[in-house]
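Heads up: the sequence shown is residues 4 to 377, going by the working numbering. We put the beta carbon where it would ideally sit given N, CA and C, even for glycine. Written below as structure tokens is the structure these notes are about.
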Amino acid sequence: MRTRKTLVLAAGIAAAAMALAISVIPEVTQTTTVKTNEISYSELSAGIQSVLDEAVDSENDVHEEITEVLNQGVVQNNLPGYDWNEMAIANVEDTVNMRENPDQESEIVGKLSKGAAGTIVDGTDGWTKLSSGSVEGWISDDYLLFGTDAEARAEELGSYQATINTEGLRIRKEPAEDAGVYDLAQMGASYTVTEQLDGWVGIQVGSDTGYVAADYVSVEYKLPVAKSIEEIRAEEEKAAQEAAKAAKEAEAKKRAEAEKKAANSSDVAVLAALVQLEAGGESYEGKLAVASVVMNRVRSGGYPNSVSGVVYQSGQFPPAGTARMASLVANGAGSDCVKAAKQAIGGVSNIGSLKHFHAARLGGDVVIGNHAFY
Numbered sequence: 004m005r006t007r008k009t010l011v012l013a014a015g016i017a018a019a020a021m022a023l024a025i026s027v028i029p030e031v032t033q034t035t036t037v038k039t040n041e042i043s044y045s046e047l048s049a050g051i052q053s054v055l056d057e058a059v060d061s062e063n064d065v066h067e068e069i070t071e072v073l074n075q076g077v078v079q080n081n082l083p084g085y086d087w088n089e090m091a092i093a094n095v096e097d098t099v100n101m102r103e104n105p106d107q108e109s110e111i112v113g114k115l116s117k118g119a120a121g122t123i124v125d126g127t128d129g130w131t132k133l134s135s136g137s138v139e140g141w142i143s144d145d146y147l148l149f150g151t152d153a154e155a156r157a158e159e160l161g162s163y164q165a166t167i168n169t170e171g172l173r174i175r176k177e178p179a180e181d182a183g184v185y186d187l188a189q190m191g192a193s194y195t196v197t198e199q200l201d202g203w204v205g206i207q208v209g210s211d212t213g214y215v216a217a218d219y220v221s222v223e224y225k226l227p228v229a230k231s232i233e234e235i236r237a238e239e240e241k242a243a244q245e246a247a248k249a250a251k252e253a254e255a256k257k258r259a260e261a262e263k264k265a266a267n268s269s270d271v272a273v274l275a276a277l278v279q280l281e282a283g284g285e286s287y288e289g290k291l292a293v294a295s296v297v298m299n300r301v302r303s304g305g306y307p308n309s310v311s312g313v314v315y316q317s318g319q320f321p322p323a324g325t326a327r328m329a330s331l332v333a334n335g336a337g338s339d340c341v342k343a344a345k346q347a348i349g350g351v352s353n354i355g356s357l358k359h360f361h362a363a364r365l366g367g368d369v370v371i372g373n374h375a376f377y
């Protein structure tokens with residue numbers, strides 16, 4: 004090795020330098036004063052030290068080169084919980100099949116989605132066996148990333164997830180104990196982390212950011228995992244059932260709205276016709292008051308709970324049973340009568356909760372035009 008050769012060279016140079024030192028020292032006798040030759044001891048010592056320093060510097064250079072070579076292709080594992088020296092990640096835009104054997108014709112046992120990762124179990128020419136989620140299967144290397152490439156993709160696609168560790172944890176609108184509450188998070192629920200603050204964790208709540216107390220959640224960096232064929236089928240079946248349920252509910256809502264609209268249309272026609280017969284010559288306030296009497300009865304619980312039921316109730320409104328009434332219902336009443344009927348059906352009343360009226364000369368709680376309401 005280069006290091007060994009460098010040290011041997013240094014040792015040789017040092018030995019030669021020592022030999023030189025010995026050779027330049029003159030012979031001495033008891034009566035002779037020792038004198039240095041042309042090279043002083045200090046100069047000789049400095050030369051030896053220089054040679055040794057050069058050897059050490061050379062060894063350090065070699066050590067750095069060796070370290071650099073060893074580190075090539077080694078992932079530094081900046082993502083907690085993921086060792087990309089032993090893992091791979093899907094390099095697809097949608098999903099890639101995981102097969103029972105390393106063969107394109109082999110049975111599909113699961114699917115790895117975009118950004119999903121797994122632990123390397125085995126490998127053969129062009130294929131890698133991964134363990135991910137509940138699935139273990141073979142994937143073509145064409146659809147995987149390894150090492151530093153895998154880590155880079157993981158940093159791009161992964162996210163930190165907060166798991167709730169207590170029941171009914173308040174999701175607040177701001178990171179403060181007196182802030183408003185969006186909802187209560189249940190034990191085990193997982194949310195995408197948007198930010199981490201002192202004592203609080205920001206989480207994704209629909210299109211908003213909510214905050215939960217950091218003491219009651221566990222935050223981990225997570226990537227998707229593979230899904231088995233059984234899991235995929237179960238999810239598809241559940242999605243189909245939910246879609247069918249939603250479609251059924253939408254159809255029922257649509258039908259109810261249509262029925263309500265038709266009923267409202269019929270109610271308006273009936274009530275407007277009665278208003279015209281009972282208060283056709285009155286002011287708009289007088290027309291609205293008559294319409295209000297009918298609607299107060301509908302809502303009271305002491306009368307039929309429909310406009311037609313109240314209007315056509317025996318002995319209550321004599322004009323209701325006439326041919327003129329039927330004609331107005333079929334062909335439409337005057338615009339003021341229709342407006343008064345719509346307002347009363349919509350909840351407007353200018354006589355409070357009064358349910359009766361008669362001629363003004365008989366008196367009542369409220370008198371409008373020729374009618375007294377009581």
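Practice task
Taking the CB atoms as reference points, tell me whether A217 and G205 lie closer together than 7 Å.
Solution key: As a working mapping, residue 217 is identified with position 214 in the sequence shown. As a working mapping, residue 205 is identified with position 202 in the sequence shown. Not a contact, by the Cβ cut-off of 7 Å.
Exercise for the section: Have a look at T122, D86, G140, T98 and flag the residue whose alpha-carbon is nearest the alpha-carbon of D106. Expected result: Along the sequence shown, read from residue 1 onward, the residue named residue 106 stands at position 103. The residue with the shortest Cα to Cα distance from D106 is G140.
Exercise for the section: Could you say which of V301, G191, R300, A292 lies nearest to D368 if we only look at CA atoms? Expected result: Indexing the sequence shown from 1 puts residue 368 at position 365. Considering only alpha carbons, the answer is A292.
Practice task
May I ask you to verify whether the segment 243 to 256 touches the segment 154 to 163, counting CB pairs closer than 8 Å and requiring at least 3?
Solution key: no
Practice task
Kindly indicate which residue of G121, E103, V222 has the alpha-carbon position closest to the one of L148.
Solution key: By 1-based counting over the sequence shown, the position of residue 148 is 145. Of the candidates G121, E103, V222, the one whose C-alpha sits nearest the C-alpha of L148 is G121.
Exercise for the section: Identify the continuous alpha helix (DSSP H) that holds R364 and give its terminal residues. Expected result: Position 361 of the sequence shown, counted from the start, is the residue given in the question as residue 364. That residue, R364, is in no alpha helix (DSSP H); it is neither H nor E in DSSP.
Exercise for the section: Buried or exposed for E285, please, with buried defined as at least 16 other CB atoms from any protein chain shown within 10 angstroms of its CB. Expected result: Within the sequence shown, numbered from 1, the residue matching residue 285 stands at position 282. Result: buried.
Practice task
Throw me the rounded Cβ distance for the V208 and I235 pair, which I believe falls under 8 Å.
Solution key: As a working mapping, residue 208 is identified with position 205 in the sequence shown. As a working mapping, residue 235 is identified with position 232 in the sequence shown. Contact flag wrong, Cβ pair sits at about 28 Å.
Exercise for the section: Please list, in chain order, all residues of the same chain as I232 whose beta carbon is under 7 Å from its beta carbon, the five residues on each side excluded. Expected result: Along the sequence shown, read from residue 1 onward, the residue named residue 232 stands at position 229. Excluding positions up to five away in sequence, the list reads I111, V112, G113.
Practice task
Pull up the DSSP beta-bridge partners for Y224, would you.
Solution key: Here residue 224 is taken as the residue at index 221 of the sequence shown, counted from 1. Y224 pairs with Y163.
Handout entry: Contact set for T35: own chain, Cβ-Cβ below 6 Å, skip 5 residues either direction
Key = By 1-based counting over the sequence shown, the position of residue 35 is 32. With a pLDDT of only 39 at T35, under 50, the local geometry of the prediction cannot be trusted, and the value read off the model is given with reservation. Excluding positions up to five away in sequence, the list is empty.
Problem - Endpoints, the alpha helix (DSSP H) within which Y146 is located - result: Counting from one through the sequence shown, the residue named residue 146 turns up at place 143. Counting along the chain, Y146 falls outside any alpha helix (DSSP H), and DSSP gives it neither H nor E.
Handout entry: N94 burial status per 10 Å Cβ neighbour count (16 or more: buried)
Key = Walking along the sequence shown from the start, residue 94 turns up at place 91. Buried, since its Cβ has 16 or more Cβ neighbours within 10 Å.
Problem - Proximity below 7 Å, CB of V215 to CB of D270 - result: Here residue 215 corresponds to residue number 212 of the sequence shown, with the count starting at 1. Here residue 270 corresponds to residue number 267 of the sequence shown, with the count starting at 1. No, Cβ-Cβ distance for V215 and D270 is not below 7 Å.
Problem - Buried/exposed call for V184, threshold 16 Cβ in 10 Å - result: Position 181 of the sequence shown, counting from 1, holds the residue named residue 184. Exposed, by the Cβ-count rule.
Exercise for the section: Just grab the DSSP bridge partners of N100 for me. Expected result: Numbered from its first residue, the sequence shown carries residue 100 at position 97. BP columns for N100 point to K114.
Practice task
Spell out the partners DSSP gives F376 in its beta bridges.
Solution key: Here residue 376 refers to the residue found at position 373 when the sequence shown is read from its first residue. Paired residue(s): F360, V369.
Practice task
Please name the residue, chosen from L172, E238, Y146, N299, that lies closest to F360 on a Cα-to-Cα basis.
Solution key: Here residue 360 corresponds to residue number 357 of the sequence shown, with the count starting at 1. If we check each option's Cα against that of F360, N299 comes out closest.
Practice task
Say whether the segment 184 to 198 touches the segment 161 to 176, bearing in mind that this needs 3 or more beta-carbon pairs closer than 8 Å, one atom from each stretch.
Solution key: yes
Handout entry: Best match in V301, Y224, E177 for proximity to A119 [C-alpha to C-alpha]
Key = Here the question's residue 119 lines up with position 116 in the sequence shown. Checked all of V301, Y224, E177; the closest Cα to A119 is Y224.
Exercise for the section: Alpha carbon to alpha carbon, how far is D181 from S134? Give it in angstroms, no decimals. Expected result: As a position in the sequence shown, residue 134 is number 131, starting the count at 1. As a position in the sequence shown, residue 181 is number 178, starting the count at 1. When rounded, the distance between both Cα atoms is 45 Å.
Problem - Identity of the residues DSSP links to G213 by a beta bridge - result: On the sequence shown, position 210 is the one that residue 213 refers to. I206, per the DSSP bridge assignment.
Exercise for the section: Could you round the C-beta distance between M101 and I142 to whole angstroms and report it? I think they count as a contact, below 8 Å. Expected result: Within the sequence shown, the letter at position 98 stands for residue 101. Within the sequence shown, the letter at position 139 stands for residue 142. Right, their Cβ atoms sit about 6 Å apart.
Exercise for the section: Report the residue from M190, A347, K176, L200 whose alpha carbon sits nearest the alpha carbon of S210. Expected result: Reading the sequence shown from its first residue, position 207 is the one you call residue 210. Comparing Cα-Cα distances from S210 to each of M190, A347, K176, L200, the minimum goes to K176.
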